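Read through the structure below, which is laid out as C-alpha cells, and then see the notes.
Numbering (this note's numbering), first residue to last: 5 to 153.
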C-alpha cells in the first residue's frame with residue numbers, strides 16, 4: 005500500500021482501488037481470518053442533508069475509523085450551532101479511539117485521561133463539502149481545496 009490505497013491502478017482508468025486490509029474495525033474476527041473471497045465491509049460515509057426549505061449540504065471524508073465522528077461533528081456544528089459550512093469544517097474535533105479520547109487543539113484540557121493534540125491533524129478526517137446555499141469547503145487537514153463558479 006502507498007498509505008492512501010491499494011497501490012493498484014485499474015488499467016486505462018487512472019482509478020486506484022482502496023485498501024481495507026489494515027482497518028481493524030472492518031475485520032472483527034482479526035486480520036486475514038475470513039475465507040478467501042469474503043467481501044470486506046467498507047467505511048464510507050457520503051452524506052446528504054436536506055432541510056425543510058430544500059437546501060442541501062453534501063459531505064464526505066477520508067479518515068478510516070474517524071470518518072463517522074468527523075462527519076457527525078461537522079453536521080452537528082451546522083445543524084445545532086448554526087455555524088457556516090466553512091467554520092464547521094474548521095472547528096476542532098475529537099475522536100474516541102477505543103482507549104483514549106483524542107482531542108484536537110482548541111479543546112479545554114479538562115480530562116486527565118484524554119490526549120490533547122497540539123494542532124489540527126489529518127488523523128481527525130478531512131471533511132469536504134458542497135452546499136446549495138453556502139460556499140463549498142475543502143478541509144485544510146487534508147489539503148482540501150475547492151473550485152467554484
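Ideal Cβ placement from N, Cα and C applies to all residues, glycine included. Because the structure is a prediction, the values reported are computed rather than measured.
1) Would DSSP call residue 126 helix, strand or coil?
2) So is residue 128 buried or exposed if we call it buried at 16+ other beta carbons inside 10 Å?
3) Whole angstroms are fine: how far does the CA of residue 39 sit from the CA of residue 83?
4) Take residue 138 and list the residues in its own chain whose beta-carbon comes closer than 8 angstroms to its own, dropping the five residues that flank it on each side.
5) Under a CB-based cut-off of 8 angstroms, is residue 21 close to chain C?
6) Confirm the yes/no value for this check: CB of residue 70, any heavy atom of the ligand ATP, distance under 7 angstroms.
7) Span of the beta strand (DSSP E) holding residue 153?
8) If we count Cβ pairs, one from each stretch, closer than 8 angstroms, do we get three or more for the region 90 to 100 versus the region 63 to 82?
9) Measuring alpha carbon to alpha carbon, tell me which residue in 144, 147 and 136 is nearest residue 153.
10) Determine the burial state of residue 6: buried for a count of at least 16 other Cβ atoms within 10 Å of its Cβ, exposed for fewer.
11) Taking buried to mean at least 16 other C-beta atoms within 10 Å of its own C-beta, is residue 77 buried or exposed?
12) My assumption, with CB atoms under 8 angstroms, is that residue 143 sits in contact with residue 131. Please give the rounded CB distance.
13) Roughly how many angstroms lie between the CA atoms of residue 41 and residue 32, to the nearest whole one?
14) Quick one: what's got a C-beta closer than 8 angstroms to residue 59's C-beta in the same chain, skipping five residues either side?
15) If you count every other CB in all the chains shown that lies within 10 Å of the CB of residue 123, and 16 or more means buried, which is it?
16) Starting from residue 83, trace the alpha helix (DSSP H) in both directions and tell me its first and last residue.
Let me lay it out:
1) The answer is helix: DSSP assigns residue 126 an H, G or I state.
2) Residue 128 should be labelled buried.
3) Their Cα atoms are separated by approximately 43 angstroms.
4) These residues qualify, in order along the chain: 61, 88, 89 and 90.
5) In the structure shown, chain C does not exist; there is a single protein chain.
6) Ligands displayed in this structure: none; no statement on the ligand ATP is therefore possible.
7) First-last for residue 153: undefined, no H or E at that position.
8) Yes, since at least three Cβ pairs between the region 90 to 100 and the region 63 to 82 fall closer than 8 angstroms, the two stretches touch.
9) The shortest C-alpha to C-alpha distance from residue 153 to any of 144, 147 and 136 is the one to 136.
10) With a pLDDT of only 47 at residue 6, under 50, the local geometry of the prediction cannot be trusted, and the value read off the model is given with reservation. Residue 6 should be labelled exposed.
11) Its Cβ being crowded by 16 or more others within 10 Å, residue 77 is buried.
12) Indeed they touch by this definition, with Cβ atoms about 5 angstroms apart.
13) Computed Cα separation, rounded: 16 angstroms.
14) Cβ within range, chain order: 135, 136 and 137.
15) It counts as exposed.
16) Run containing residue 83: 70 to 85, per the alpha helix (DSSP H) assignment.
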